[in-house]
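Novice:
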Amino acid sequence: MKIQGKMFVWLSVFVLAMAVVYGVWSKEPAGTTALFLAFGLCIMIGFYLGFTARRVDAGAQDNKEADVADDAGELGFFSPHSWQPLSLAVGGALAFLGVAVGWWLLYFSVPMIMIGLWGWVFEYYRGENRTQ
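Read left to right, the sequence shown gives residues 1 to 132 (the UniProt record's numbering).
1. Is it true that the CB of L105 sits closer than 7 Å to the CB of L94?
2. Got a sec, what are the start and stop residues for the alpha helix (DSSP H) A17 sits in?
3. Flag this pair as yes or no: are the beta carbons of G46 and V99 separated by less than 7 Å?
4. From this set, V110, T32, E74, which residue's C-alpha is nearest A19's C-alpha?
5. Leaving out the 5 sequence neighbours to the left and right, which residues in its chain are closer than 7 Å to Y22 when beta-carbon positions are compared?
6. Please check if any C-beta of chain B sits within less than 7 Å of the C-beta of L106.
7. Is the beta carbon of A38 less than 7 Å from the beta carbon of G5?
8. Tell me the rounded alpha-carbon separation between L16 and I3.
9. Helix, strand or coil, according to DSSP, for Y111 in the structure here?
10. For M112, is the classification buried or exposed, using 16 other Cβ atoms within 10 angstroms of its Cβ as the cut-off for buried?
11. Return the chain-ordered list of same chain residues with a C-beta closer than 6 Å to the C-beta of W120, the five sequence neighbours on each side being excluded.
12. Are the CB atoms of C42 and L11 within a distance shorter than 7 Å?
And the structure:
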């Protein structure tokens, strides 16, 4: 993960330089603000990846002599069957649709989002998966 963190930090330096150059030359606030926000996102991701790389073991991507097969194996735990993302997606879609159609649609979307969020957080504390 070290190399990904360094890539994002260098990308953030580039985006910052381009934001300054764009802001000075164009004097256009929307694009300049977007570039500064992109800089913030890049630096956050780079910091997170660098911070995480210090806490975990070195991966195959950190070894210059590694082959593709060295990175094979288990990559983590992923929920095999969860309906909660569907509830969150439908609730989020209704919430964003409410901005265009009418704010009254939030009365239907917020409960769906809350139910999906509650179910996702406590998914492995109840039912058949509670011991995993």
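The beta-carbon is built from N, C-alpha and C at its ideal position, and this holds for glycine as well.
Specialist: According to the data block:
1. Working through the sequence shown from its first residue, we reach residue 94 at position 94. Working through the sequence shown from its first residue, we reach residue 105 at position 105. Against a cut-off of 7 Å, the Cβ pair of L105 and L94 comes out as a contact.
2. Sequence index remark: in the sequence shown, residue 17 carries index 17 (1-based). Looking at the DSSP string, the run of the alpha helix (DSSP H) that includes A17 is 2-26.
3. Position 46 of the sequence shown holds residue 46. Position 99 of the sequence shown holds residue 99. No, these two residues do not count as a Cβ contact at 7 Å.
4. Residue numbering aside, residue 19 sits at position 19 when the sequence shown is read from its first letter. For A19, the nearest C-alpha among the options comes from T32.
5. Along the sequence shown, read from residue 1 onward, the residue named residue 22 stands at position 22. For Y22, where only same-chain residues beyond five positions count, the Cβ hits under 7 Å are G31, T32, L35.
6. Chain labels in this structure do not include chain B; a single protein chain is all it has.
7. The residue labelled residue 38 in the question sits at position 38 within the sequence shown. The residue labelled residue 5 in the question sits at position 5 within the sequence shown. Their beta carbons are not under 7 Å apart, which means A38 does not touch G5 by this criterion.
8. The residue given as residue 16 occupies position 16 in the sequence shown. The residue given as residue 3 occupies position 3 in the sequence shown. Cα to Cα, L16 sits roughly 20 Å from I3.
9. In the sequence shown, counting from the first residue as 1, residue 111 sits at position 111. With the sequence shown as reference, residue 111 is identified as Pro, and Tyr is not the correct amino acid for it. The answer is helix: DSSP assigns P111 an H, G or I state.
10. Here residue 112 refers to the residue found at position 112 when the sequence shown is read from its first residue. Result: buried.
11. Within the sequence shown, residue 120 is the residue found at index 120, counting from 1. Excluding positions up to five away in sequence, the list reads Q84.
12. Start at 1 with the first residue of the sequence shown, and residue 11 comes out as number 11. Start at 1 with the first residue of the sequence shown, and residue 42 comes out as number 42. Cβ atoms of L11 and C42: closer than 7 Å.
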